[in-house]
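Note sheet for the following structure.
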Amino acid sequence: MEESPLSRAPSRGGVNFLNVARTYIPNTKVECHYTLPPGTMPSASDWIGIFKVEAACVRDYHTFVWSSVPESTTDGSPIHTSVQFQASYLPKPGAQLYQFRYVNRQGRVCGQSPPFQFREPRPMDELVTLEEAD
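What follows is the structure, encoded as structure tokens:
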């Protein structure tokens, strides 16, 4: 089976991912917030995937969730919404860089987030205690 190459819309005027962390803690759900530009008609067939940064095809996702479709939209206004990725479907911790990508019903990438990693929280190397002078 031949895979189609990744078709990306220009970043200008595309889906904008909000408050993307540099790292996410493995085994905890991840909430992904995004804004659809004015005039975008979301579909129940649109989806948000977690991709390795170097992924070149929309089939190369690690996991995905269907996008949320608001019940009502104000024509000409951006649409702010979010989805959740359940912990059990997230990548294992490591150095690999990932990004969220919004894929529309035609299989076109309409936006991508800055890169992030899944990494265990780092313990504090040194704990410094401050004491007040008497």
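Residue 108 in full-length UniProt numbering sits at position 108 of the sequence shown, with consecutive numbering throughout. No residue lacks a Cβ here, since even glycine has one placed at the ideal position from N, Cα and C.
Identity of the residues DSSP links to THR28 by a beta bridge
Bridge partners of THR28: none, in fact.
Taking only beta-carbon positions, decide if VAL103 is within less than 8 Å of chain C.
Looking for chain C here will not work: only one protein chain is present.
Within 10 Å of its beta-carbon, does ASN104 have 16 or more other beta-carbons around it, so buried, or fewer, so exposed?
With 16 or more other Cβ atoms within 10 Å, it is buried.
Report the residue from LEU18, ARG101 and VAL69 whose alpha carbon sits nearest the alpha carbon of ALA56.
Closest option to ALA56, judged by alpha-carbon separation, among LEU18, ARG101 and VAL69: ARG101.
Between which two residues does the beta strand (DSSP E) carrying GLY49 extend?
It spans 47-52 - the beta strand (DSSP E) in which GLY49 sits, taken as one unbroken run.
Per-residue DSSP class, three states only, for SER67:
SER67 sits in coil when the DSSP states are folded into three classes, being neither helix nor strand.
How about PHE85 and VAL69: do their beta carbons lie closer than 8 Å?
Remark: C-beta atoms of PHE85 and VAL69 do not approach each other more closely than 8 Å.
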